[in-house]
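Trainee: Please see the structure below; I have some questions.
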Amino acid sequence: MDDFIMKPKIDFAFKELMTDEMVRKGFLAAFLKLNPDDIKETSLLNTNLRREHEDDKQGILDVRVALNSDTEIDVEINLTKLDVWANRSLFYLAKMYTEQIKPGDSYVKLKKCVSISILDFRLFENEPDFYSCFHIREDNRHFLYTDKMEFHVIELPKLPEKLKEGDNILAWAKFINAERREEFEMLAGRDKYLEAAYSHLQTISQDENKRMEYEARQRAIRDHNQYMLEAHERGLKEGVEKGRTEGRKEGWTEGVTGIAKKLLAMGLDLDTISKGTGLTVEQIQKL
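Note that this note's numbering has the sequence shown beginning at 5, numbered continuously upward.
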């Protein structure tokens with residue numbers, strides 16, 4: 005048998021896994037802290053490849069699930085660092101929420117909407133935990149304003165090595181991040197839902213057509229990342245050269261600040277700007 009196995013964090017593979025109702029039930033029960041037996045029904049909803057702009061060849065493939073007829077969940081995996089991810093996820097969840105009703109419909113019809121972001125980069129640099137969950141609460145007394153919107157964020161680079169007993173979110177995060185059969189087999193032994201996920205992963209990995217789609221998707225992601233890297237390097241070089249010219253006229257400190265502002269306007273991430281200018285992330289954030 006071919007030893008090839010898909011990586012679940014490639015969004016095509018993850019979306020294929022979510023076509024299995026047993027896998028959906030186990031995954032959602034872990035994140036929503038539900039007993040799987042309380043999940044009576046899950047169904048996949050149609051989604052399109054989300055593109056950030058016209059030339060975006062990669063896009064983001066999301067999975068949308070209806071749960072027990074009263075909740076809608078949107079799951080996205082992103083492997084490319086995006087500093088504005090929080091704004092982006094808020095925009096799409098708000099859009100999902102408002103699209104539930106038409107003009108004249110009662111607000112009573114609005115269902116709870118949940119966003120689950122699985123990120124292969126650090127979104128919250130100063131937070132050590134790999135998992136964060138957000139609700140809309142009062143600032144001082146912390147009571148819930150509404151439970152209709154909820155955000156879950158998994159940062160895969162922060163996953164701890166040891167798997168704690170009963171930590172189902174960590175188990176699923178490790179499964180999504182796994183690449184070797186030994187890892188999948190160890191996790192599959194934890195419960196029947198992870199076992200179903202591994203079984204389904206093996207099945208789709210041996211499907212020739214799905215494998216071709218998976219590899220095409222993997223290439224698109226790799227090409228996109230390379231394009232972004234080259235664009236960042238070009239932008240950094242151009243920005244530094246322009247800033248140096250200005251710096252000779254205005255003083256090097258002002259020149260470096262000017263570089264950083266231009267690179268921010270170009271959409272470069274904070275870490276790249278910091279490395280290229282010598283300014284700290286904190287200094288750049290104050291510009």
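Using N, Cα and C, we set each Cβ at its ideal position, and we do this for glycine too.
Where does Leu123 land, buried or exposed, given buried means 16+ other C-beta within 10 angstroms?
Mentor: By the neighbour-count rule (16 or more Cβ atoms within 10 Å), Leu123 is buried.
Trainee: Tell me the DSSP secondary structure of Phe155 in three-state form.
Mentor: Residue state, collapsed to three classes: strand.
Trainee: Identify whether Thr211 lies in helix, strand or coil by the three-state DSSP scheme.
Mentor: Note on residue identity: the sequence assigns Asp, not Thr, to residue 211. Looking at Asp211 - three-state DSSP - the assignment turns out to be coil, as it is neither helix nor strand.
Trainee: When you compare only the Cα positions, how much space is there between Asn50 and Val67?
Mentor: Their backbone Cα atoms lie some 8 Å apart in a straight line.
Trainee: Are the Cβ atoms of Leu191 and Ala177 separated by less than 8 Å?
Mentor: Contact flag unset, no.
Trainee: Taking Leu49 as part of the beta strand (DSSP E), name the residues at either end of that continuous run.
Mentor: Here the beta strand (DSSP E) through Leu49 covers 46–49.
Trainee: Please return the same chain residues whose Cβ sits closer than 8 Å to the Cβ of Ala182, not counting the five positions on each side in sequence.
Mentor: So the qualifying residues of the chain are Lys11, Pro12, Phe188, Leu191.
Trainee: Please name the residue, chosen from Asp143, Asn144, Thr23, Asp133, that lies closest to His156 on a Cα-to-Cα basis.
Mentor: Selected option, being the one with the closest Cα: Asp133.
Trainee: Helix, strand or coil for Asn130 per DSSP?
Mentor: Here Asn130 sits in coil by DSSP.
Trainee: List, from N- to C-terminal side, the alpha helix (DSSP H) runs of 4 residues or more that fit wholly inside the segment 252–289.
Mentor: Counting whole runs of 4 or more residues, the segment 252–289 contains the alpha helix (DSSP H) stretches 256–269, 274–281, 285–289.
Trainee: Within 10 angstroms of its Cβ, does Gly170 collect 16 or more other Cβ (buried), or is it exposed?
Mentor: Exposed is the call here.
Trainee: Assuming Glu154 and Val118 are in contact, meaning their beta carbons sit under 8 Å apart, how far apart are those beta carbons, in whole angstroms?
Mentor: Between Val118 and Glu154 the Cβ distance is about 5 Å, and since that is below 8 Å, they are a contact.
Trainee: Between Gln222 and Arg145, what straight-line distance do the alpha-carbon atoms span, to the nearest angstrom?
Mentor: Each residue's alpha carbon lies about 46 Å from the other.
Trainee: Which stretch, first to last residue, makes up the beta strand (DSSP E) that contains Arg141?
Mentor: Run containing Arg141: 135–141, per the beta strand (DSSP E) assignment.
Trainee: To the nearest angstrom, report how far apart Ala201 and Phe8 are at their CA atoms.
Mentor: In a straight line, the C-alpha of Ala201 is about 16 Å away from that of Phe8.
Trainee: When DSSP labels each residue in this structure, what does Glu103 get in the three-state scheme?
Mentor: Note: Glu103 maps to coil in three-state DSSP.
Trainee: Could you please give the first and the last residue of the uninterrupted alpha helix (DSSP H) stretch that includes Arg28?
Mentor: Per DSSP, Arg28 belongs to the alpha helix (DSSP H) from 25–36.
Trainee: What does a CB cutoff of less than 8 Å around Glu58 pick up in its chain, not counting 5 residues either side in sequence?
Mentor: Residue placement at Glu58 cannot be trusted, given a pLDDT of 47 that sits under 50; what the coordinates show is reported in the next sentence. Taken in chain order, the list of residues that qualify is empty.
Trainee: What's the C-alpha gap between Leu198 and Leu267?
Mentor: The straight-line gap from Cα to Cα measures roughly 43 Å.
Trainee: Just checking my contact of Lys152 with Leu114 at CB under 8 Å: how many whole Å lie between their CB atoms?
Mentor: The Cβ separation is near 6 Å, so the contact holds.
Trainee: Less than 8 Å between the C-beta atoms of Phe35 and Ile120, yes or no?
Mentor: Against a cut-off of 8 Å, the Cβ pair of Ile120 and Phe35 comes out as a contact.
Trainee: Sort Gln206, Ala264, Asp6 by Cα distance to Val285 and report the nearest one.
Mentor: Ranking Gln206, Ala264, Asp6 by Cα distance to Val285 puts Ala264 first.
Trainee: Provide the residue span of the beta strand (DSSP E) that contains Ala70, from first to last.
Mentor: Per DSSP, Ala70 belongs to the beta strand (DSSP E) from 66–71.
Trainee: In terms of alpha-carbon separation, which member of Asp143, Lys85, Glu165 lies closest to Phe128?
Mentor: For the residues Asp143, Lys85, Glu165, the minimum Cα distance to Phe128 belongs to Lys85.
Trainee: Round the Cβ separation of Ser47 and Val69 to the nearest angstrom and send it over; I've been treating them as touching at under 8 Å.
Mentor: Yes, Ser47 and Val69 are in contact; Cβ-Cβ is about 7 Å, under 8 Å.
Trainee: Give the DSSP-derived three-state secondary structure of Asn82 in the structure shown.
Mentor: It is a strand residue.
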